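Student: Residue numbers (this note's numbering): 77 to 450.
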Amino acid sequence: MKFPFRIAVPLLAAAAFLAVCATFAVQLFSFRANIERWARRDLSTQAELTAESLREPLATQDFRRLDEIARRLKAKEMILRVRSAQGGWIFHGGYKGGTIEEYVPCGEYRVGVALREGRVMAPFYNALAGFVLAVLVGVLAMGLVFFTLYRQRVRIRELAKLERFRRDFIADFSHELKTPLTGILGAAEMLGEGRLEELIHKEALQLNDLASSMLDLAKLERTDAPLRREAIEVTALFREVVERFADEAAAKGIELVAEIDCPCVHGDRELLFRALSNLVANALRHSGGTRVTLGCEKAKSGVRLVVADNGVGIPAADRARIFERFHRVDAARTTPGTGLGLAIVRQIARLHGGEVAYEPGIPRGSRFLLFDLI
Ligand code: ADP
77 MKFPFRIAVP LLAAAAFLAV CATFAVQLFS FRANIERWAR RDLSTQAELT
127 AESLREPLAT QDFRRLDEIA RRLKAKEMIL RVRSAQGGWI FHGGYKGGTI
177 EEYVPCGEYR VGVALREGRV MAPFYNALAG FVLAVLVGVL AMGLVFFTLY
227 RQRVRIRELA KLERFRRDFI ADFSHELKTP LTGILGAAEM LGEGRLEELI
277 HKEALQLNDL ASSMLDLAKL ERTDAPLRRE AIEVTALFRE VVERFADEAA
327 AKGIELVAEI DCPCVHGDRE LLFRALSNLV ANALRHSGGT RVTLGCEKAK
377 SGVRLVVADN GVGIPAADRA RIFERFHRVD AARTTPGTGL GLAIVRQIAR
427 LHGGEVAYEP GIPRGSRFLL FDLI
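#1: Applying the 10 Å Cβ sphere with the 16-neighbour rule, what's the burial state of Ser250?
#2: Tell me which residues share the same chain as Leu352 and place their Cβ nearer than 8 Å to its Cβ, disregarding the 5 neighbours each side in the sequence.
#3: Report the rounded CA-to-CA distance for Leu87 versus Leu220, giving the unit in angstroms.
#4: Could you check the C-alpha separation between Val405 and Met218 for me, to the nearest Å?
#5: The beta strand (DSSP E) that contains His342, what's its start and end?
#6: Quick check: is any heavy atom of ligand 1 less than 7 Å from the C-beta of Ala359?
#7: Are the CB atoms of Gly430 and Asp385 nearer to each other than 8 Å?
#8: Let me check one thing: in DSSP terms, what residues is Ile308 bridge-paired to?
#9: Applying the criterion that 16 or more other CB atoms from any shown protein chain within 10 Å of the CB defines a buried residue, is Met266 buried or exposed?
#10: Out of Arg298, Ile83, Arg157, Lys328, which has the shortest C-alpha to C-alpha gap to Leu225?
#11: With a 10 Å radius around its C-beta and 16 neighbouring C-beta atoms as the bar for buried, classify Gly262 as buried or exposed.
#12: Measure from the alpha carbon of Thr258 to the alpha carbon of each residue in Asp285, Gly413, Arg157, then state which is nearest.
#13: Taking just the CA atoms, how far does Leu156 sit from Glu124?
#14: Pull up the distance between the alpha-carbon of Ser289 and that of Ile424, whole angstroms please.
#15: At what residues does the beta strand (DSSP E) containing Lys374 begin and finish?
#16: Hey, is Arg315 close to ligand 1, as in C-beta under 7 Å from one of its heavy atoms?
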């Protein structure tokens, strides 16, 4: 399985960052706790002083722990108080190690410890360690991020090259396909009206449609030049589309109507005509409804053109894929079509800085929205 860099790197960086924060928090918390515990501490155990003479080390457990805590907190100074069991100070002053160079006779004592916060060096060392850790983690995470970005750039370049090749290939292939097809079509027409000739003619027409649609889509995808934008009267454009499909609609007994009070949009008239034609042709061919309407809606971000029908609609499972190339609801391909019509509509919408979307009609049918044309 491929290592999921895109997810793993930010996760790793975030985990490392959280770990550093947690380390800081724990260090700080335990430091505070230690200081508070030790700053004003009376060791309750009675210190058995083994000292027989003046300068013997104070070797009890508690005194050794004092050394340890002083080391851990990197305290420059601790203050030690030794009080006899009867009360009264035996010793009160700076503590520098495991011995107290005072005269302490044998007996029972209470020992007090105090720290001066300013002389405790631990936070500085802890912070330094934390800082070094954070820098290391940061550098590592940055390195990983840059490495991933670099890999992605290389991959994107490769993909772009492949995509260019694919588009060129489709365009060239469709072009090459069209020439002999036109010949076959001509020949079939000359052959006459027989059953076989009719079949050849029908299949050649279907192939010809496919090649034309592929060529159109490839051309639209290859367009690098900015779109030719002119002001288009949508009402007039709708009228033209209705005129073009009037006969076909009448022959199928479908009512085809367009709204008459639409605003202007800016774009390529020929392309928008093509997009609307594809949508109307689909509604006439696939919907099985009795009415197809062309309408417009004004939204805050632009104008929305709507082609709606009252037919069968598109099953929910297919809705996400109908704008993909070659996707057809009718998997058995019993209806004529290439599966490229809606892909062309989407490409045209995108060239206009917009999108196309599908909505089921209410109560039935389909609504195709070409939106945010300005
Ligand atoms: P085609 O060349 O097959 O029409 P399209 O990309 O234009 O290709 O459409 C894809 C599929 O979406 C069609 O095959 C059809 O099954 C379905 N379709 C499109 N428009 C409608 C509609 N108005 N009503 C029902 N089905 C539709």
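C-beta atoms are modelled at their ideal positions from N, C-alpha and C, and glycine is treated no differently. These figures come from a predicted structure and were not determined experimentally.
Tutor: Straight from the coordinates:
#1: buried
#2: Leu313, Phe314, Val317, Leu370, Leu381, Val383, Leu446
#3: If you take the alpha carbons of Leu87 and Leu220, they lie about 11 Å apart.
#4: 47 Å
#5: 340–343
#6: yes
#7: no
#8: Beta-bridge partners assigned by DSSP to Ile308: Val341.
#9: exposed
#10: The shortest C-alpha separation from Leu225 is found at Ile83.
#11: exposed
#12: Asp285
#13: Any reading at Glu124 must be qualified, since the residue scores a pLDDT of 42, below 50, and its modelled position is unreliable; the value itself is stated next. If I take the Cα positions, the gap works out to 16 Å.
#14: Annotation: Ser289 to Ile424 spans about 13 Å, alpha carbon to alpha carbon.
#15: 367–375
#16: no
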